[in-house]
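667 is the number that our numbering gives to position 178 of the sequence shown; each next residue is one higher, with no gaps. C-beta atoms are modelled at their ideal positions from N, C-alpha and C, and glycine is treated no differently. For reference, the structure discussed in these notes is given below.
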Amino acid sequence: MSRVSMEARDQFGRYCQAQCMNSTSERYQVCQPFLNISLNSEISSPVSFTHSISSRTFLNLDLSVHPRQMHPEMPYIVFVCSRKLVTSAMIKQAAEVVRAPTSTENYVFFRVAVFREETSNYQITNNMFITFNNCNFLRNKLIFQIEVSPYSDVGPIFSSSIEKAASAFDPNIVYVQAPNPELHKEGVRVRVSILSNNNRVQCQIKCTEKDGSMHECNGDVDLHSDSTLSQEDVFTSDPHSLPVLGWNMKGHPSFWRHKMPFLSFHC
Numbered sequence: 490m491s492r493v494s495m496e497a498r499d500q501f502g503r504y505c506q507a508q509c510m511n512s513t514s515e516r517y518q519v520c521q522p523f524l525n526i527s528l529n530s531e532i533s534s535p536v537s538f539t540h541s542i543s544s545r546t547f548l549n550l551d552l553s554v555h556p557r558q559m560h561p562e563m564p565y566i567v568f569v570c571s572r573k574l575v576t577s578a579m580i581k582q583a584a585e586v587v588r589a590p591t592s593t594e595n596y597v598f599f600r601v602a603v604f605r606e607e608t609s610n611y612q613i614t615n616n617m618f619i620t621f622n623n624c625n626f627l628r629n630k631l632i633f634q635i636e637v638s639p640y641s642d643v644g645p646i647f648s649s650s651i652e653k654a655a656s657a658f659d660p661n662i663v664y665v666q667a668p669n670p671e672l673h674k675e676g677v678r679v680r681v682s683i684l685s686n687n688n689r690v691q692c693q694i695k696c697t698e699k700d701g702s703m704h705e706c707n708g709d710v711d712l713h714s715d716s717t718l719s720q721e722d723v724f725t726s727d728p729h730s731l732p733v734l735g736w737n738m739k740g741h742p743s744f745w746r747h748k749m750p751f752l753s754f755h756c
């Protein structure tokens with residue numbers, strides 16, 4: 490466990506007042522600016538922390554919700570540098586009104602899960618090549634491709650090898666690209682396919698709804714700027730957020746949770 494002492498000063502060199510969230514009353518109150526940081530949540534202060542420099546931007550943020558619903562959560566400890574009275578409600582409200590600007594990028598990224606079934610005729614190796622259960626086919630290594638085709642004329646077809654598009658942390662998660670629904674009021678519908686040698690691979694396709702229920706589907710995904718009309722809520726135009734996309738990173742790391750993609754292929 491690490492014990493950390495902090496202090497903050499305003500532009501005139503005056504000390505700022507520390508206020509900590511009281512989990513019992515759910516209010517901020519004056520406190521000593523000390524933190525206990527441990528992987529054990531029972532002895533750690535309820536703070537969000539990470540060893541990853543690239544992920545620190547997303548601490549206290551839920552990246553498992555629709556972009557329009559995303560907003561930061563105030564940290565456990567806050568320094569108040571105002572000479573005027575600042576209440577707990579004012580501190581909380583400061584985070585609730587913060588929203589990311591609407592993306593104007595042409596494309597967004599979303600996640601697709603690709604799993605290999607034990608009974609499959611395909612073998613997905615570490616380098617993501619597939620072969621049939623015949624050694625002779627190893628001479629002609631076929632690359633698994635993932636393809637995203639918009640239904641309307643809103644953008645080009647996205648195609649990539651699964652090896653290239655897969656997450657570095659979880660090879661079952663693949664990042665794919667689609668036209669940005671924020672730029673299309675009617676939303677964007679795409680068809681996602683797994684290809685081998687330009688032929689569509691017959692995989693079992695499942696969709697996970699927002700209530701957690703799962704059913705078979707055809708690989709179509711609706712993306713919309715309105716969360717109630719978007720089948721896949723989790724998408725982003727920021728490539729730096731891809732390693733943590735789908736994670737709720739609020740609070741202590743032991744409480745972080747990951748949301749499954751809407752679309753999953755079982756091949």
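- Distances from the alpha-carbon of Arg503 to those of Ser571, Pro556, Glu531 put Ser571 closest.
- Note on Gly644: 16 or more other CB atoms within 10 angstroms of its CB, so buried under the neighbour-count rule.
- Leu712 sits in a strand when the DSSP states are folded into three classes.
- Setting aside the 5 residues that flank it on each side, Leu552 is surrounded in the same chain by Val733, Leu734, Trp736, each with a C-beta closer than 6 Å to its C-beta; the list follows chain order.
- Taken through DSSP and simplified to helix, strand or coil, Glu705 comes out as strand.
- Residue pairing for Thr725: DSSP places it in a beta bridge opposite Phe598.
- The beta carbons of Val665 and Pro639 sit about 12 Å from each other, so the pair does not count as a contact at 8 Å.
- Taken through DSSP and simplified to helix, strand or coil, Val733 comes out as helix.
- Taking the C-beta atoms as reference points, Val587 is found nearer than 8 Å to His560.
- Within the same chain, Cβ atoms closer than 6 Å to the Cβ of Leu684 are found at Gln634, Glu636, the five residues on either side in sequence being excluded.
- For Met510, the uninterrupted beta strand (DSSP E) run begins and ends at 506-511, by DSSP.
- Taking Asp722 as reference, the option from Arg600, Ile694, Ile646 with the minimal CA-CA separation is Arg600.
- If you draw a straight line from the Cα of Met490 to the Cα of Arg498, it comes to about 27 Å.
- Following the DSSP letters along the chain, one finds Ala667 inside the beta strand (DSSP E) bounded by residues 662-668.
- In the DSSP assignment, Gln582 falls within the unbroken alpha helix (DSSP H) covering 577-585.
- Excluding its 5 nearest sequence neighbours in each direction, Val677 has C-beta neighbours in its own chain below 7 Å: Pro639, Val643, Ala667, Pro668, Pro670, Leu712, listed in chain order.
- As summarised for the segment 529-555, there are no continuous alpha helix (DSSP H) elements at least 4 residues long confined to that stretch.
- In this structure, Ile580 lies away from Leu524, with their beta-carbon atoms at least 8 Å apart.
- In the three-state DSSP reduction, Glu675 falls in the coil class, being neither helix nor strand.
- A residue is called buried when at least 16 other Cβ atoms come within 10 angstroms of its Cβ; Ile542 does not meet this threshold and is exposed.
- For Lys699, no alpha helix (DSSP H) encloses it, and the DSSP letter there is neither H nor E.
- Residue pairing from DSSP places Pro639 in a beta bridge opposite Val679.
- Of all alpha-carbon atoms in Ser534, Ser592, Phe647, Leu574, the one lying nearest the alpha-carbon of Pro564 is that of Ser534.
- The bridge partners DSSP lists for Tyr517 are Met510.
- Here Met738 is near Phe547, since their CB atoms are less than 8 Å apart.
- For Ile566, the uninterrupted beta strand (DSSP E) segment begins and ends at 566-569.
- Residue environment analysis places Gly708 among the buried positions, since at least 16 neighbouring C-beta atoms fall within 10 angstroms of its C-beta.
- DSSP links Val603 through a beta bridge to Phe754.
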